[in-house]
Amino acid sequence: MNNINSDIFKIQSNNVLPSRGKILISEPFLCDATFGRSVILLVDHTDEGSMGLIMNKQLPLLVNDVIKEFKYLEDIPLYKGGPIGTDTLFYLHTLPHIPGALHVSKGLYLNGDFDALKKHILQGNNINGKVRFFLGYSGWEYEQLIQEIKENTWLIAKEEASYLLNGEAKDMWKNTLGKLGSKYETWSRFPQVPSLN
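If you count by my numbering, then the sequence shown holds residues 8 to 204, one letter each, in order.
What follows is the structure in structure tokens.
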């Protein structure tokens, strides 16, 4: 007989509220093709709703396939930001000189003047760990995200989000959980669908 302590799978509230720049980490058994084992950066959270970008779902496409000026550059990965607006390109970056960029958190910005960003890239500047591109975004209506947090679908991380641009997509969920302590690190070792183990 298995004596599994089910408390290990309960999220202990850290009293962190969702806000711009916070990181959402999905609970380990969320069986959803888009959000299962995802790490999401909230880029906006207001009384009207919330918007985030999934940081760890790399697409089979490259930015080089989407932006013709980048065709001959070194491969630039493209990520699935979420299921909404999948024909729209978003980009997170650490470049404060890009005009019109939205400050998301310490040293991290969303979008801005795309021509200025293209110029920066085409001048040969290294963008590894400094720029990440996304198709689409994740969105929640007013109080929908709060309800999902109450239902333990999401855990909110406390740390700064800028490290997410350096993270490898395939290990990001596991590594982000590991930063939260041994209880949550244990989650990363469980299969997403236990019945298939």
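Every residue, glycine too, gets a C-beta built ideally from N, C-alpha and C. Every value quoted in this text rests on a predicted model; they were computed, and no experiment measured them.
Check	Outcome
Those residues which DSSP pairs with Asp5 across a bridge	Outside the modelled stretch of the chain, which goes from 8 to 204, sits residue 5, for which no answer is possible.
Backbone secondary structure at Lys87 - three-state DSSP	strand
Simplified DSSP state of Leu68, which is helix, strand or coil	strand
Nonlocal neighbours in the same chain, by C-beta distance under 6 angstroms from Thr41, ignoring five residues either side	Pro90
Length of the line joining the Cα atoms of Ser33 and Ala108	27 angstroms
Whole-angstrom distance between Phe140 and Cys38, CA atom to CA atom	25 angstroms
Per DSSP, cross-strand counterpart(s) of His100	Tyr116, Val138
Limits of the alpha helix (DSSP H) - the one that Ala176 falls within	176 to 185
Cα-Cα separation, Asp72 to Lys186	35 angstroms
Own chain partners of Met8 with C-beta closer than 8 angstroms, once the 5 adjacent residues on each side are dropped	The predicted model places Met8 with a pLDDT of 44, which falls under 50 and marks its position as unreliable; any figure quoted below should be read in that light. None.
Bounding residues of the beta strand (DSSP E) (the contiguous stretch that carries Ser33)	30 to 33
Best match in Thr101, Asp120, Phe121 for proximity to Lys113 [C-alpha to C-alpha]	Thr101
The beta strand (DSSP E) enclosing Ala164, as first and last residue numbers	161 to 164
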